[in-house]
């Protein structure tokens, strides 16, 4: 490959040499951009891993807090005169009720998933249009 030396004039180079010089410069530029992207992605991955670790630790601490508050709530019921076994059963029942409500909400949200209905319809319309242009009498796709 020919490189433009500091004392050379680019106007004196042939077309082939100019093309070789341009492709060399483009290759170098692309390589440098890819190296920069790799470094940035590596730094972002480290930041994401650290952030994910912090979220996991916070979730673990939140779980411990929920357990401690549940025990405190049960002993609060005991202080009000409820038997120990009944107090813990009431707290567990409250969590069961909360879980059932969350399951119900999740179920209703999942039922609303329509499975990309509009995309399937537009794809079916596009295929129908292409078949008509091609003169093919192939039947339409169905869901």
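Numbering (our numbering), first residue to last: 6 to 148. The beta-carbon is built from N, C-alpha and C at its ideal position, and this holds for glycine as well.
- request: Put residue 14 into one of helix, strand or coil per three-state DSSP.
  value: Start at 1 with the first residue of the chain shown, and residue 14 comes out as number 9. Correct three-state label for residue 14: coil.
- prompt: By Cβ distance below 8 Å, which residues in the same chain neighbour residue 127 in space, the five residues on each side in sequence not counted?
  reply: If you number the chain shown from 1, residue 127 lands on position 122. Around residue 127: no qualifying Cβ.
- prompt: Is there contact here, the region 96-113 with the region 69-86, by at least three beta-carbon pairs under 8 Å?
  reply: yes
Residue interval of the alpha helix (DSSP H) (run including residue 121): As a first step, residue 121 is located in the chain shown; it is residue number 116 there, counting from the start. That residue, residue 121, is in no alpha helix (DSSP H); it is neither H nor E in DSSP.
- request: Name the two residues that bound the continuous alpha helix (DSSP H) containing residue 86.
  value: Along the chain shown, read from residue 1 onward, the residue named residue 86 stands at position 81. Run containing residue 86: none; DSSP gives neither H nor E here.
- request: Quick one: using the 10 Å Cβ neighbour count with 16 as the cut-off for buried, is residue 92 buried or exposed?
  value: Counted from its first residue, the chain shown places residue 92 at position 87. The residue is buried, with at least 16 neighbouring Cβ atoms inside 10 Å.
field: Cutoff 7 Å; reference residue 89; Cβ partners in own chain excluding five residues on either side
entry: In the chain shown, the residue the question calls residue 89 occupies position 84. Excluding residues within five positions, the ones whose Cβ falls inside 7 Å are 83.
message: Mapping the DSSP letters down to three states, classify residue 29 as helix, strand or coil.
response: Counting from one through the chain shown, the residue named residue 29 turns up at place 24. Helix.
message: Let me see if you follow: with CB-CB separation under 8 Å, is residue 92 close to chain C or not?
response: Here chain C cannot be found, since the structure has a single protein chain.
message: Measuring straight from C-alpha to C-alpha, what distance separates residue 73 and residue 61?
response: Your numbering for residue 73 matches position 68 in the chain shown. Your numbering for residue 61 matches position 56 in the chain shown. If you take the alpha carbons of residue 73 and residue 61, they lie about 19 Å apart.
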